[in-house]
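Take a look at the structure set out below.
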């Protein structure tokens, strides 16, 4: 049976010593930013 819809799965992780994500709020902000990037992908047309 062919799938009816596309399923996309994302995994996220952070390492405290990297300095990028220090708090839960930092993590939530990063997730929100990634949500916007995924919802509005860069599209390039070559002619």
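Numbering (my numbering), first residue to last: 888 to 934.
Where is the CB? At the ideal position from N, CA and C, for every residue including glycine.
What's the gap between the Cα of residue 921 and the Cα of residue 895?
If I take the Cα positions, the gap works out to 14 Å.
Please give the ranges of any alpha helix (DSSP H) in the stretch 890–932, keeping only runs that are unbroken, at least 4 residues long and fully inside the region.
For the stretch 890–932, whole alpha helix (DSSP H) runs of length 4 or above, ordered along the chain, are 911–926.
Just checking my contact of residue 899 with residue 918 at CB under 8 Å: how many whole Å lie between their CB atoms?
The Cβ separation is near 7 Å, so the contact holds.
Taking Cβ positions, are residue 846 and residue 914 nearer each other than 8 Å?
Since the first and last residues shown for the chain are 888 and 934, residue 846 lies out of range.
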